[in-house]
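Residue 158 in the working numbering sits at position 140 of the sequence shown, with consecutive numbering throughout. Note that CB positions come from ideal geometry on N, CA and C, so glycine has one too.
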Amino acid sequence: MEKLEIKNLSYTYAKGTPFEYLALDDISLKIYSGETLAIIGHTGSGKSTLIQHLNGLLKAGSGCVIFDGKDIWEDKSKLKDIRFKIGLCFQYPEYQLFEETVYKDIAFGPKNMGLDEKEIDKRVRRSLAYMGLEERYLGRSPFDLSGGQKRKIALAGILAMEPDILVLDEPTAGLDPAARNNLFELIQNYKQQSGTTIVFVSHSMEDVAKMADRIVVMYRSRIVMQGTPEEVFERADELLEMGLNVPEVTKIFLSLQKKGYHVEPVYTVDAAVSQIQSLLGGGKP
Numbered sequence: 019m020e021k022l023e024i025k026n027l028s029y030t031y032a033k034g035t036p037f038e039y040l041a042l043d044d045i046s047l048k049i050y051s052g053e054t055l056a057i058i059g060h061t062g063s064g065k066s067t068l069i070q071h072l073n074g075l076l077k078a079g080s081g082c083v084i085f086d087g088k089d090i091w092e093d094k095s096k097l098k099d100i101r102f103k104i105g106l107c108f109q110y111p112e113y114q115l116f117e118e119t120v121y122k123d124i125a126f127g128p129k130n131m132g133l134d135e136k137e138i139d140k141r142v143r144r145s146l147a148y149m150g151l152e153e154r155y156l157g158r159s160p161f162d163l164s165g166g167q168k169r170k171i172a173l174a175g176i177l178a179m180e181p182d183i184l185v186l187d188e189p190t191a192g193l194d195p196a197a198r199n200n201l202f203e204l205i206q207n208y209k210q211q212s213g214t215t216i217v218f219v220s221h222s223m224e225d226v227a228k229m230a231d232r233i234v235v236m237y238r239s240r241i242v243m244q245g246t247p248e249e250v251f252e253r254a255d256e257l258l259e260m261g262l263n264v265p266e267v268t269k270i271f272l273s274l275q276k277k278g279y280h281v282e283p284v285y286t287v288d289a290a291v292s293q294i295q296s297l298l299g300g301g302k303p
C-alpha cells in the first residue's frame, strides 16, 4: 500500500534571476508502506531537493505531495503535524544538537508535539535504546560525546517523534566503515521493530545494495531508473555513464562474466561468498 505519492513535481531555485536552476523536473514517485527506498544520483541531480519536499520544507512550483491520501499543502496549519509524521534527518545532523543534555535534545521533538512528561520520557529512553546507547548518556552534554555518538543522539531525536516515514540524507557520511556498518545495523533493527517506512539518500552503493528494497536513480533533475537492487545494478554500464557507481563486488562478478565464467551478478559480499562456495563445491566454473 502506498504511503506517500509525488505527482508531477517540479522545483526551480532562484526563479526569475540569472541563477535560475531547474532542480526537479516533473518528478512522479510512489513510496510504499514499510519499504526501504534508496535515492541515488550524482551531486546536483536533485536528491536532497526532492526529500525536502516530502514533509513540506520546500514547496513545489508545480505538482504535489500526497501523504495518506491528502496533499500536504492543502491545509498549511497541518504542516507541523506532517513534519512529525515524516521525520527528516539532514546530513551531519550532529551539527544541529543544541540542548545542554542528551535527554533534553532527544525530548525536544516530543515536547513540541504536546505530549505529556510520561510519554516523552518513554520515547526518549526507547529511541536511545534503538540507537544502541545506554541510559547513562542521558544526563551528559551531547557536546562531550564522540562524533558517532552525536550522530546517534541526533537520530534518536527524530525517532522519538515516532514518524511514519523516516527520511535520511546521507546518514553515514563521514563515518568510518565500522561506524557506518553499526549505524545501518541499528537502523535496520529499528525498522524491523517499528515497521517504519525508510527513505534514504546515499553515495555508497554498498550501503544501498545492503539496505534497499527499491532504488530510485536521479539524473539531471529527473528520475531515470527505478527498481530492485538487482534490476538497477544489472544496468551497471548505464549507471557508470551517468557518473554513478555500482558495488565493487558487482564490478568483479560482471568482469568474471565477460571472461566467460558462469557466474550471476551479485550486489553484496554475502551473496558473492555464497555463490563462490557453491561454485567451489561444484567444481570449476
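If you count every other CB in all the chains shown that lies within 10 Å of the CB of residue i, and 16 or more means buried, which is it?
i      : result
Tyr31  : exposed
Pro181 : buried
Arg101 : buried
Met149 : buried
Pro303 : Only weak support exists for where Pro303 lies, its pLDDT of 45 falling under 50; the value from the coordinates is given anyway. Exposed, because fewer than 16 other Cβ atoms sit within 10 Å of the Cβ of Pro303.
Tyr281 : In the sequence on display, residue 281 carries Val and not Tyr. Label assigned to Val281: buried.
Ser95  : exposed
Ile270 : exposed
Met19  : exposed
By how many angstroms is the C-alpha of residue j removed from the C-alpha of residue i?
i      : j      : result
Lys256 : Val235 : According to the sequence as given, residue 256 is Glu; it is not Lys. Going by the C-alpha atoms only, they are around 11 Å apart.
Leu156 : Val120 : 5 Å
Gly301 : Leu272 : Here Gly301 scores only 49 on pLDDT, less than 50, and its place in the model is too uncertain to base an answer on.
Gln114 : Ile104 : 18 Å
Leu274 : Gly299 : 18 Å
Ala38  : Gly64  : Looking at the sequence provided, one finds Glu at residue 38 rather than Ala. Taking the straight line from one Cα to the other gives about 14 Å.
Ile216 : Leu97  : 20 Å
Phe85  : Gln295 : 45 Å
Phe108 : Pro283 : 33 Å
Ile205 : Leu75  : 23 Å
Ile49  : Trp91  : 18 Å
Pro247 : Ala289 : 13 Å
Is it the case that the Cβ atoms of residue i and residue j are separated by a distance below 8 Å?
i      : j      : result
His60  : Met260 : yes
Leu106 : Ile69  : yes
Ala230 : Leu55  : yes
Ile241 : Lys21  : no
Lys168 : Glu203 : no
Gly175 : Asp123 : yes
Phe218 : Pro189 : yes
Gly127 : Ala172 : no
Phe251 : Val267 : no
Val226 : Ile45  : no
Against chain C, does residue i count as a neighbour if the rule is that its beta carbon must be under 8 Å from one of theirs?
i      : result
Thr119 : Included in the structure is just one protein chain, with no chain C present.
What does residue i pair with, by DSSP beta-bridge criteria?
i     : result
Phe85 : Leu22 and Lys88
Ile57 : Val219 and Val234
Whole alpha helix (DSSP H) runs in the region 199-233 with 4 or more residues, listed along the chain?
-> 223-229
Every unbroken alpha helix (DSSP H) inside the region 154-180 [4 residues or more] = 165-177
Unbroken alpha helix (DSSP H) runs of length 4 or more, entirely within the region 86-158: which are they?
-> 97-103, 120-130 and 135-148
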